[in-house]
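Working notes for the structure below.
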Amino acid sequence: MKMTGILTAVKTNCYHCGDECEPNLYPADNKQFCCQGCENVYQILSGSGLCSYYQYNDHPGATRDKLNKRFEYLDEQSILNELLDFHDERISIITLYIPHIHCSSCLWLLEQLNRFNPGIHYARVDFLKKRLVVRFDHQKISLRGVVELLFDIGYEPLISLQDIIKKQQRTEKGNLVQRIAVAGFCFGNVMLLSFPEYFGLSGFEQNFRHFFGYINLAFTLPVVFFSGREYFTSAWNNLKKKVLNIDFPLALGIAVLFIRTTAEVLTHTGAGFADTLCGLVFFLLFGKFVQQKTYHHISFERDYRSFFPVAVQTLENGMEKPLPLAVLRPGHRILIRHNEIIPADAILLKGPALIDFSFVTGESVPVGKTLGEIIYAGGRQTSESIELEVIKPVSQSYLTQLWNNEAFTRKRDNRMRTFNETVSKYFTVILIVIAFSALLAWGFTDLRRGIDAFTAVLIVACPCALALSTPFTMSAALSIFDRNLFYLKNTSVVEQLAKIDTLVLDKTGTITTGNTRNAELQSQLNDDQIRQIYSACANSMHPLSRMICRYFGEQERLPVSDYTETPGQGITARVKGSELRIGSGKLLFGNYHETADMTRVHLMIDGEYLGYFGFKHEYREGMEQVSALEPEYQLYLLSGDQDQERRELLRYFRDSSHMRFGQSPQQKLDFIAELQQQGKKVMMLGDGLNDSGALRQSDLGVAVTDNVNNFSPGSDAILDGRSFDKLPAFLRFSKDTVVIIHLSFLISLTYNMIGLSYAVTGKLSPLIAAVLMPLSTATIISFTTLATHFTAKRRKLL
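At position 428 of the sequence shown (counting the first as 1) the number is 431 in my numbering, and the numbers step up by one without a gap.
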């Protein structure tokens, strides 16, 4: 048989998880499963009478790995004390993060845990945050038992070192909702009691005027001193720093309204402005609530601890014992199993180490290590179990030093000032000047009229609409981005996105689709040669070797002797008396320079060169659209990989000098800083820890990932890889959003000019103030919402 061509296979999907699997590999009940684990999950569900689970989704499960002793650390009491939310003699409560929660079937199944084990009292899912709260009787089932049960049904919790040290990013707890509720309650009642004043009181009802006034004044007290207290605090703190922000005129307006209302009610000279005051505070707080209602289910402030396990297996006198990472010290001998993270710098003592450093270096191909070699923290073992001796504690590893780079820790809040921040400073100064000018202009002839004019200016021109235009516009924009799988850290990121003029992209995992590759065989092999190559590659855990085996399909395994695998080069072995060399050109030919635009695995049997396997990266859908952004945007490529694919990448990066390969994390960071020194506004798109310094240094850092719930470096935004092709639309939509903010400011300014022209006369009535302020606010909210959705449709984002 001769064999040449491109890898193809018959696709059969696993009934449980939906992954591709070989036909008739794990059949059960006339259904196909990709592994024993998925079949076991199905049998568990079937035995518990829960197979209606599959009615909610075609393939709702998650692929499972072998369990082994990976959760043994959960038997340690010191770890339990840190993880549990509540614990007494019988009852324990814990909150677990479940990344695989994604649909109604997940929610339904997880809330049926008590049917699997009577020791579980109940389980409740927070769908948005992907959190599961479990209450259980620890005398009937341990925490380890709960986690292993979740693992068995395909919903392994993500328990990391970050949970132990209690520094996981959470939405700040506050009383904003309570303050909105108080302001809204008072606002509604004050408006109700003010209607008689608006429409006039008959003679015999005049006695109620003062009574209603006192009640309205009472309602303003909680609004000012509870709901609106934050504005006074913010204004005072900024004044001490000699900064005038938008909170100062807001606080001044609230104070003047309260003082004026108190004076008029107590002296019986008027009804005051209680309705305007309560409405102002309510709308301001509601705008803040909308602004804060962003996507808290995604953690942006992550560090290496959210990537590391809680504990590691140590070896003492040949016995395994789980040990918390906090007490891991040099000299400890640790056991790292397949697919586990190495938490500290260590020396390899035993076993075949094949380490995936993509998180640290961005290189997608695992690296082999020899006995006695140092393996740095952050690598993931992709082969069988290995034994290591720790040489540095977790806090002093290379990974930690990289994360503690200045670019990771520096403050970044004001790299680019927003339009609202810039305008509010000038708006505040102009407003105060007009208010005091009106007071002085009328004060010398009619002090009462001067005070009326001063108050009216602060009421009508109070920057309520300005304060609301940005949050409502940005919140509408954030909802559009969220629908399209682009998750921004906060509203100011939209304006930062609009100012970008330079895009810097990482390669592996960012513009390529992870480890997915195309395999192409440039050779003609007979059946015997295929079996020999298959048998040699079957001994290797290297991903390229596994792809070669998958390419050939199931073959007869021949005896292999003198097997040697040289890290970074390839395999030498003897099969059926023939000498095989499978690997790089350097392994086969000595001094050989690979100039191709792909990764090649060459084949040689008994000194005869047979050809090669070519492996190409699959570039993300949408690279053509991103490439078309030039010359409007400058595009650069920074990669930790070598330059085998330079020629292929010239399709997307037309200027070869804009592509840099073999870049270390520090070199990436320095290059971003160099661009910024040239006055460029830089957006960096990356995925691994090696990109995190550059992401932090850039004006806007975007982490690209194929699973937003997996670990991603700290960034301003997270872009789901499925929406990579929409990046040009996102950039243009951000510019549209800024235009909408400018237009809403002009609308607000128009209202202010009309109101001010009347307010400076000192004849503003409470009725006009009560109408103008909510009317301008409603206009701004309506305009921003409608305009944002219109532009989103124009950009095909809706």
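Here a beta-carbon is modelled for each residue, glycine too, at the ideal position from N, C-alpha and C. Quantities reported herein were computed from a predicted structural model and do not represent experimental measurements.
With DSSP as the reference, please indicate the residues paired to lysine 372 in a beta bridge.
-> Ala356
Residue burial classification, aspartate 449 (beta-carbon count within 10 angstroms, cutoff 16) = Burial call: exposed.
CB-CB length for valine 397 against alanine 356, believed under 8 angstroms | Not confirmed; about 19 angstroms, so no contact.
Quick one: what does DSSP say arginine 577 is sitting in, helix, strand or coil?
-> strand
Looking only at C-alpha atoms, which of Gly256, Phe190 and Ile218 sits nearest to leucine 226?
-> One point to set straight first is that residue 226 is valine, not leucine, in the sequence displayed. The shortest Cα separation from valine 226 among Gly256, Phe190 and Ile218 belongs to Phe190.
For phenylalanine 139, count neighbouring Cβ atoms within 10 angstroms of its own Cβ and tell me buried if that reaches 16, exposed if not.
-> Phenylalanine 139 should be labelled buried.
Rounded to a whole number of angstroms, what is the C-alpha to C-alpha distance between aspartate 485 and aspartate 728?
-> 15 angstroms
Exposure label - glutamate 498; buried when at least 16 CB within 10 Å | Per the 10 Å Cβ criterion, buried.
Hey, would you say lysine 395 sits closer than 8 angstroms to proline 333, going by beta carbons?
-> Taking 8 angstroms as the Cβ cut-off, lysine 395 and proline 333 qualify as a contacting pair.
Does the region 695–710 come close enough to the region 667–675 to have 3 or more Cβ pairs within less than 8 angstroms?
-> yes
Determine the contact status of arginine 534 and glutamate 559, defining contact as a CB-CB distance below 8 angstroms.
-> Their beta carbons are under 8 angstroms apart, which means arginine 534 touches glutamate 559 by this criterion.
With burial defined as no fewer than 16 other Cβ atoms inside 10 Å of the residue's Cβ, what is the status of methionine 756: buried or exposed?
-> If you draw a 10 Å sphere on the C-beta of methionine 756, you find fewer than 16 other C-beta atoms in it, and that means exposed.
Inter-residue CB distance, leucine 640 and arginine 663 (contact presumed, cutoff 8 angstroms) = 7 angstroms
Residue environment, tyrosine 217, which counts as buried when at least 16 other CB atoms sit within 10 Å | exposed
For the alpha helix (DSSP H) holding arginine 590, just list the boundary residues, first then last.
-> The residue you asked about is not arginine; residue 590 is leucine in the sequence shown. Here the alpha helix (DSSP H) through leucine 590 covers 588–592.
Can you tell me which of Ala444, Gly588, Leu443 and His605 puts its alpha carbon nearest to the alpha carbon of glutamate 523?
-> His605
Cβ neighbours of tyrosine 537 in the same chain (closer than 7 angstroms, five flanking residues each side left out) = Answer for tyrosine 537: Cys552, Phe555 and Gln558, listed in chain order.
What is the DSSP secondary structure of phenylalanine 733, counted as helix, strand or coil?
-> helix
Alanine 137 by DSSP, collapsed to three states: which one?
-> Looking at the sequence provided, one finds valine at residue 137 rather than alanine. In this structure, valine 137 counts as strand in the three-state DSSP scheme.
Short Cβ contact (8 angstroms threshold) for isoleucine 123 with valine 136 | Against a cut-off of 8 angstroms, the Cβ pair of valine 136 and isoleucine 123 comes out as no contact.
Classify proline 333 as helix, strand or coil using the three-state DSSP reduction.
-> coil
Quick one: Cα of isoleucine 378 to Cα of proline 327, how far?
-> 20 angstroms
Quick one: what does DSSP say lysine 324 is sitting in, helix, strand or coil?
-> strand
Please say whether threonine 317 and isoleucine 345 have beta carbons closer to each other than 8 angstroms?
-> no
Alpha carbon of glycine 354 to alpha carbon of glutamate 390, nearest angstrom = The straight-line gap separating the alpha-carbon atoms of glycine 354 and glutamate 390 is approximately 7 angstroms.
Just reading off the beta strand (DSSP E) that glycine 704 is part of, what are its end residues?
-> For glycine 704, the uninterrupted beta strand (DSSP E) run begins and ends at 703–708, by DSSP.
Can you tell which of Thr431, Asn219 and Glu648 has the C-alpha that lies nearest to the C-alpha of leucine 242?
-> When each option's Cα is compared against that of leucine 242, the closest is Thr431.
List the DSSP bridge partners of aspartate 129.
-> Arg134
Contacts around lysine 169, its chain only, beta-carbon distance under 7 angstroms, and the 5 residues preceding and following it disregarded | Bear in mind that a pLDDT of 45 at lysine 169, under 50, signals an unreliable position, so the model cannot answer this.
Selection from Pro731, Phe261 and Thr494 that minimises the alpha carbon distance to glutamate 635 = Minimum Cα distance to glutamate 635 is reached at Pro731.
Quick one: give me the first and last residue of the beta strand (DSSP E) that isoleucine 97 is part of.
-> 94–100
Reduced DSSP secondary structure (H/G/I, E/B, other) of asparagine 16 = strand
Can you check whether the CB of phenylalanine 489 is closer than 8 angstroms to the CB of phenylalanine 733?
-> yes
Limits of the beta strand (DSSP E) - the one that phenylalanine 36 falls within = 34–36
Could you give the DSSP three-state label for tyrosine 639: helix, strand or coil?
-> strand
Can you give the Cα-Cα distance for lysine 799 and leucine 678, rounded to whole angstroms?
-> 32 angstroms
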